[in-house]
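Participant:
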Amino acid sequence: MQQEQEHQHVISYYNEHVQHKLNDFIEVNPRIESAWKTLLEFAPQSPLSILEIGCGIGSVSHRMNNQWPAAKVKGVDISTLSIEIANKLFSNSQTTFLPGILKQGTFTEQFDLIVLMDVYEHISTHDRAEVHASLKKILKNKGRIFLSVPTPHYLKWLEKNKPENIQPVDEYISFNVIGQLAAATDTEVLSYQVKNIWSMGDYAHIVLEKNDDFEASFFSKKAVSFKQRGFRGLNKIQYKIGSILRRSLVKKKLK
0 MQQEQEHQHV ISYYNEHVQH KLNDFIEVNP RIESAWKTLL EFAPQSPLSI LEIGCGIGSV
60 SHRMNNQWPA AKVKGVDIST LSIEIANKLF SNSQTTFLPG ILKQGTFTEQ FDLIVLMDVY
120 EHISTHDRAE VHASLKKILK NKGRIFLSVP TPHYLKWLEK NKPENIQPVD EYISFNVIGQ
180 LAAATDTEVL SYQVKNIWSM GDYAHIVLEK NDDFEASFFS KKAVSFKQRG FRGLNKIQYK
240 IGSILRRSLV KKKLK
C-alpha cells in the first residue's frame with residue numbers, strides 16, 4: 000500500500016513538472032546539450048533499436064530518431080502526462096512512447112542503445128535490482144548504455160543550498176554504484192567523464208558496453224595449430240634460458 004502511494008506521488012510530481020520539460024525542449028538546456036554531445040560520441044555506429052528510459056516529453060527520443068532515421072526508437076516514462084505530450088509531438092512510424100517504468104517483462108526485444116539521461120539517480124535503491132536485471136536482459140551484445148547523472152557532491156550542494164530542486168527520489172550515484180551497475184548487467188565501463196555544466200564537476204556521463212565476444216574468444220575451444228604450438232615451444236625455451244641467465248646474474252652479484 001505504501002509503495003503504491005509512493006509510486007502515485009512520483010507520477011503526480013512529474014506530471015506537475017511537464018512544463019519544465021517543454022521549456023527544456025523550446026530553450027537550450029546546457030545539461031541536455033552536453034549529454035547529447037557525449038551520447039553522439041559513444042553511441043554504437045548506426046543503431047537499429049534504441050530505448051530511452053525516462054524519456055519525458057520525448058524530445059531526446061525525437062533527436063535520436065532524426066540522428067538515426069533507420070532505428071526504431073522507444074521511449075518510456077513514469078509520467079502519463081509526459082507520454083501523452085510525447086505522442087502528440089513526436090510519435091511516428093519509427094518512434095513510439097508508452098507510460099510505465101522499466102521492470103522485467105516491460106520489453107521482450109533487445110536494444111543496441113539504451114539511454115538514461117538524468118534518470119538513474121531517480122531509481123530508488125530498492126528498485127535497482129529489478130532494473131539491472133531488465134537492462135541485462137534487453138541489452139544486445141555490443142550494445143551500449145548511456146547515463147548522465149549529477150555527481151554526489153552536486154546533489155549534496157543542492158540539498159544544502161537549493162532543496163526545492165531535490166526530486167522525490169534523488170540517490171547519490173558514485174563511481175562504486177556505477178561499478179555495481181556494470182557488474183549486474185554484465186557490461187564494462189567504457190567511459191566515465193565528469194563534466195562542468197553549471198559548476199565544477201556537477202555532472203557525470205557514463206557509457207557501459209556489453210561484449211560477450213571477449214569471453215567467447217578467451218575461452219575458445221578452437222584447436223591450436225601446429226605452427227602455434229611451435230611458437231609456444233620456442234617461447235618456453237627462450238623464457239627458460241632467460242631465467243637461468245638471470246638467476247646466475249643474481250647469485251653472482253649478491254654472493
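Per numbering that gives the first Met the number 0, residue 0 is the first one in the sequence shown, and the count goes up by one each step.
Cβ atoms here follow ideal geometry from the backbone N, Cα and C, with glycine treated the same way.
1) For a test of the three-state rule: what should DSSP assign to E108, helix, strand or coil?
2) Could I get the ranges of all uninterrupted alpha helix (DSSP H) runs contained in the region 61-142, with 4 residues as the minimum, in chain order?
3) Using only CA atoms, which one of S173, L38, K73, N140 lies nearest to C54?
4) Near V193, which residues of its chain fall below 6 Å by C-beta distance, leaving aside the five closest residues on each side in sequence?
5) Out of L189, S147, W156, which has the shortest C-alpha to C-alpha gap to I172?
6) Is it true that the region 108-125 meets the region 137-151, where meeting means three or more beta-carbon pairs spaced less than 8 Å apart?
7) For T124, count neighbouring Cβ atoms within 10 angstroms of its own Cβ and tell me buried if that reaches 16, exposed if not.
8) For my contact list, A85 and G57 are in at a C-beta cut-off of 8 Å; report their separation, rounded to the angstrom.
9) Buried or exposed: where does I77 fall if 16 or more other Cβ atoms within 10 Å of its Cβ makes it buried?
10) DSSP three-state label for V168, please.
11) Classify L146 as helix, strand or coil using the three-state DSSP reduction.
12) Say whether the region 106-116 touches the region 85-94, bearing in mind that this needs 3 or more beta-carbon pairs closer than 8 Å, one atom from each stretch.
13) Per DSSP, what kind of secondary structure is A34 in: helix, strand or coil?
14) Ignore the nearest five residues each way along the sequence and tell me which others in S81's own chain have a CB closer than 7 Å to its CB.
15) Near D212, which residues of its chain fall below 8 Å by C-beta distance, leaving aside the five closest residues on each side in sequence?
16) What does the Cβ neighbour count give for N64, buried or exposed, with the cut at 16 atoms within 10 Å?
17) Check whether the region 158-170 touches the region 231-242, counting contact only when three or more Cβ pairs, one atom from each stretch, lie closer than 8 Å.
18) Would you call Y153 buried or exposed, if buried means 16 or more other Cβ atoms sit within 10 Å of its Cβ?
19) From the DSSP output, which residues share a beta bridge with A203?
Facilitator: Taking the definition as stated:
1) As a first step, residue 108 is located in the sequence shown; it is residue number 109 there, counting from the start. Residue state, collapsed to three classes: coil.
2) 79-89, 127-137
3) As a first step, residue 54 is located in the sequence shown; it is residue number 55 there, counting from the start. Of S173, L38, K73, N140, the residue nearest in Cα terms is K73.
4) As a first step, residue 193 is located in the sequence shown; it is residue number 194 there, counting from the start. Once the five neighbours on either side are set aside, the close Cβ partners of V193 are G200, A203.
5) Counting from one through the sequence shown, the residue named residue 172 turns up at place 173. When only C-alpha atoms are compared, the closest one is S147.
6) yes
7) By 1-based counting over the sequence shown, the position of residue 124 is 125. That one is exposed.
8) Your numbering for residue 85 matches position 86 in the sequence shown. Your numbering for residue 57 matches position 58 in the sequence shown. Contact flag correct, Cβ pair sits at about 3 Å.
9) Position 78 of the sequence shown, counted from the start, is the residue given in the question as residue 77. Buried, because 16 or more other Cβ atoms sit within 10 Å of the Cβ of I77.
10) As a first step, residue 168 is located in the sequence shown; it is residue number 169 there, counting from the start. Coil at V168, not helix or strand.
11) Against the sequence shown, residue 146 aligns to sequence position 147. Correct three-state label for L146: strand.
12) no
13) On the sequence shown, residue 34 is found 35 positions in, with the first residue counted as 1. Three-state result, A34: helix.
14) Against the sequence shown, residue 81 aligns to sequence position 82. For S81, where only same-chain residues beyond five positions count, the Cβ hits under 7 Å are Y13, V17, K20, G55, I56.
15) The residue given as residue 212 occupies position 213 in the sequence shown. Correct list, in chain order: N140, K141.
16) Mapped onto the sequence shown, residue 64 falls at position 65. Buried is the call here.
17) no
18) As a working mapping, residue 153 is identified with position 154 in the sequence shown. Buried, since its Cβ has 16 or more Cβ neighbours within 10 Å.
19) On the sequence shown, residue 203 is found 204 positions in, with the first residue counted as 1. Partner(s): V148, V193.
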